[in-house]
Amino acid sequence: MITIAIGLSIILLLVILFLLFRIGTLTSIFRGSTERAAGTTKTSNRVNSVMLLLFLIVGGGAFAWSFADAWDDMTLPLASVHGAWTDNLFWTTMIIIGVVFVITQVLLFFYSYKYQHKDDKRAYYYPHNNKLEIIWTIIPAVVMAVLVFGGWKTWTKITSAAPEDAVVIEIMGKQFNWMVRYPGPDGKLGVARHTLIDATNELGVDFSDPASRDDIINPLQIHVPKGKPVLLKIRSRDVIHSVYMPHFRLKMDAVPGMPTKFWFVPSKSTNEMANETGNPDFKYELACTEVCGRGHFAMRYVIVVDEPEDYEAWLEQQTPFVEQNPQVLAKFTSENAEQAVAEAPQVEKAEEVKTEL
7 MITIAIGLSI ILLLVILFLL FRIGTLTSIF RGSTERAAGT TKTSNRVNSV
57 MLLLFLIVGG GAFAWSFADA WDDMTLPLAS VHGAWTDNLF WTTMIIIGVV
107 FVITQVLLFF YSYKYQHKDD KRAYYYPHNN KLEIIWTIIP AVVMAVLVFG
157 GWKTWTKITS AAPEDAVVIE IMGKQFNWMV RYPGPDGKLG VARHTLIDAT
207 NELGVDFSDP ASRDDIINPL QIHVPKGKPV LLKIRSRDVI HSVYMPHFRL
257 KMDAVPGMPT KFWFVPSKST NEMANETGNP DFKYELACTE VCGRGHFAMR
307 YVIVVDEPED YEAWLEQQTP FVEQNPQVLA KFTSENAEQA VAEAPQVEKA
357 EEVKTEL
């Protein structure tokens with residue numbers, strides 16, 4: 007806050023000085039004193055050019071200092087394999103754009119000082135140069151093409167098909183919390199349908215599907231194994247949400263009616279990251295980065311990266327949803343029985359027709 011206050015004070019002071027000189031110039035003109043106005047204009051020109059040069063030096067120094075001071079808060083430690091690809095692409099782009107930005111801004115402010123108005127100087131008329139225009143068109147085009155190609159290549163690797171041995175986790179967003187589902191010992195998630203969603207079965211899981219009987223729903227924390235691929239199957243129940251796990255450089259929208267996915271490989275356990283950051287209470291988190299309503303701030307979930315053996319031990323301790331909520335399974339069983347009774351006459355009639363034929 008102190009840094010921001012000092013920066014704003016400097017900018018405000020420069021603006022006030024600039025306005026004072028402009029007011030002096032306009033006052034001289036309104037008074038009809040041509041010579042005085044001309045002198046004031048020269049003085050104002052000189053002062054403005056010096057102030058622009060000072061602004062370049064002071065502003066550039068302040069920017070460099072603030073960038074270095076905020077580095078630790080700005081760059082979160084990396085904890086996934088593909089995150090290194092993302093970071094490399096990001097910093098390559100930032101360095102190229104940053105170098106161009108610095109060069110153009112230095113020239114802009116320096117030329118404002120060097121070519122300030124002087125009575126004995128006349129501007130050089132330089133209307134056209136084909137070679138120069140070709141150069142400053144081709145170079146940016148080539149650089150941008152290389153950056154776009156690098157981005158496409160990285161994105162292709164990130165969005166490629168997950169390995170067959172990936173741990174599968176379903177994440178559903180709704181106003182205003184996340185719901186999570188793990189497959190049980192069979193390694194398969196049961197079928198889910200939005201028409202089956204109710205107050206208890208919030209994910210709309212079809213428990214008539216045998217694969218769903220051992221599914222684990224809404225554990226207190228999301229656990230993933232270190233060093234193994236994790237596939238997130240993402241969907242939304244109402245509006246657009248966004249799955250964001252900053253330490254894994256992972257972000258993917260949850261869109262109603264359009265399932266999305268993202269796979270990654272955690273590279274540091276929670277304990278390792280706690281030691282690296284010096285924070286014994288360190289926690290990875292899943293947050294929503296799409297403003298989805300008044301309760302948007304509450305859409306958070308703690309993520310724990312375990313060693314593989316610890317992850318297996320945690321998974322074995324989890325209780326399937328149907329064991330915690332037997333009434334849900336009973337409901338599906340009774341509904342299936344009623345459906346079978348309702349369909350019985352049609353089946354019998356079809357058998358009779360088949361027999362007659």
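All the letters of the sequence shown, read from the start, carry residue numbers 7 to 363 under the working numbering. Even glycine gets a Cβ: it sits at the ideal position worked out from N, Cα and C. Nothing here was measured: the structure is a model prediction, and the numbers come from that model.
Looking at the structure shown, is residue 16 part of a helix, part of a strand, or coil, going by DSSP?
As a working mapping, residue 16 is identified with position 10 in the sequence shown. Note: residue 16 maps to helix in three-state DSSP.
Compare the Cα-Cα distances from residue 198 to each of 192, 189, 211 and report the closest residue.
Locating residue 198 in the sequence shown gives position 192, where the first residue counts as 1. Out of 192, 189, 211, 211 has the C-alpha closest to the C-alpha of residue 198.
Short Cβ contact (8 Å threshold) for residue 310 with residue 200
Within the sequence shown, the letter at position 304 stands for residue 310. Within the sequence shown, the letter at position 194 stands for residue 200. Their beta carbons are not under 8 Å apart, which means residue 310 does not touch residue 200 by this criterion.
Residue 182 - DSSP class collapsed to helix/strand/coil
As a position in the sequence shown, residue 182 is number 176, starting the count at 1. Of the three classes helix, strand and coil, the one that applies to residue 182 here is coil, per DSSP.
Going by C-alpha to C-alpha distance, which of 285, 240, 288 sits closest to residue 267?
The residue given as residue 267 occupies position 261 in the sequence shown. The option with the nearest alpha carbon to residue 267 is 240.
By the 10 Å Cβ neighbour count, where 16 or more other Cβ atoms means buried, how is residue 128 classified, buried or exposed?
Residue 128 sits at position 122 when you count from the first residue of the sequence shown. That one is exposed.
Report buried or exposed for residue 123, applying the criterion of at least 16 other Cβ atoms within 10 angstroms of its Cβ.
By 1-based counting over the sequence shown, the position of residue 123 is 117. Residue 123 is exposed by the Cβ-count criterion.
Can you list, in chain order, the residues of its chain whose CB lies under 7 Å from that of residue 275, leaving out five sequence neighbours each side?
On the sequence shown, position 269 is the one that residue 275 refers to. Here the set comprises 232, 311, 312, 313.
Going straight from the alpha carbon of residue 126 to that of residue 52, what length do you get?
Mapped onto the sequence shown, residue 126 falls at position 120. Mapped onto the sequence shown, residue 52 falls at position 46. The straight-line gap from Cα to Cα measures roughly 15 Å.
Going by alpha carbons, who is nearest to residue 194 out of 221, 152, 291?
Translated into positions along the sequence shown, residue 194 becomes position 188. Out of 221, 152, 291, 221 has the C-alpha closest to the C-alpha of residue 194.
Assign residue 141 to buried or exposed, taking buried as 16 or more other Cβ atoms, counted over all protein chains shown, within 10 Å of its Cβ.
As a first step, residue 141 is located in the sequence shown; it is residue number 135 there, counting from the start. When all chains shown are included, residue 141 counts as exposed.
Pairs of beta-carbons, one from the segment 89-104 and one from the segment 145-160, closer than 8 Å: are there three or more?
yes
Is the segment 169-186 touching the segment 247-260 in the sense that three or more CB pairs, one from each, lie closer than 8 Å?
yes
Taking the beta carbon of residue 269 as the centre, do at least 16 other beta carbons fall within 10 Å, making it buried, or is it exposed?
Along the sequence shown, read from residue 1 onward, the residue named residue 269 stands at position 263. Buried.
Within the chosen definition, does the segment 97-106 reach the segment 281-293 through at least 3 CB pairs nearer than 8 Å?
no
Report the CB separation of residue 179 from residue 243 in whole angstroms; it is logged as a contact under 8 Å.
Along the sequence shown, one-based indexing puts residue 179 at 173. Along the sequence shown, one-based indexing puts residue 243 at 237. At roughly 7 Å, the Cβ-Cβ gap stays under 8 Å, so residue 179 and residue 243 are in contact.
Closest to residue 328 by C-alpha separation, out of 234, 146, 196, would be which residue?
As a position in the sequence shown, residue 328 is number 322, starting the count at 1. Measuring from the Cα of residue 328, the nearest candidate turns out to be 196.
Check residue 249 in the structure and name its three-state DSSP category.
Residue mapping note: residue 249 aligns to position 243 of the sequence shown, counting from 1. It is a strand residue.
Taking only the alpha-carbon atoms, compute the straight-line gap between residue 296 and residue 263 and give it to the nearest angstrom.
For the purposes of this step, residue 296 is taken as residue 290 along the sequence shown, with counting starting at 1. For the purposes of this step, residue 263 is taken as residue 257 along the sequence shown, with counting starting at 1. Rounded to the nearest angstrom, the two C-alpha atoms are 17 Å apart.
At which residue ranges does the segment 43-118 contain complete alpha helix (DSSP H) runs of 4 or more residues, listed in the order of the chain?
77-80
Range covered by the alpha helix (DSSP H) that runs through residue 426:
An answer regarding residue 426 cannot be provided, because it is not within the stretch 7 to 363 covered by the chain.
Check for me: the alpha helix (DSSP H) holding residue 197 runs from which residue to which?
On the sequence shown, residue 197 is found 191 positions in, with the first residue counted as 1. Careful: residue 197 lies outside any alpha helix (DSSP H) and carries neither H nor E.
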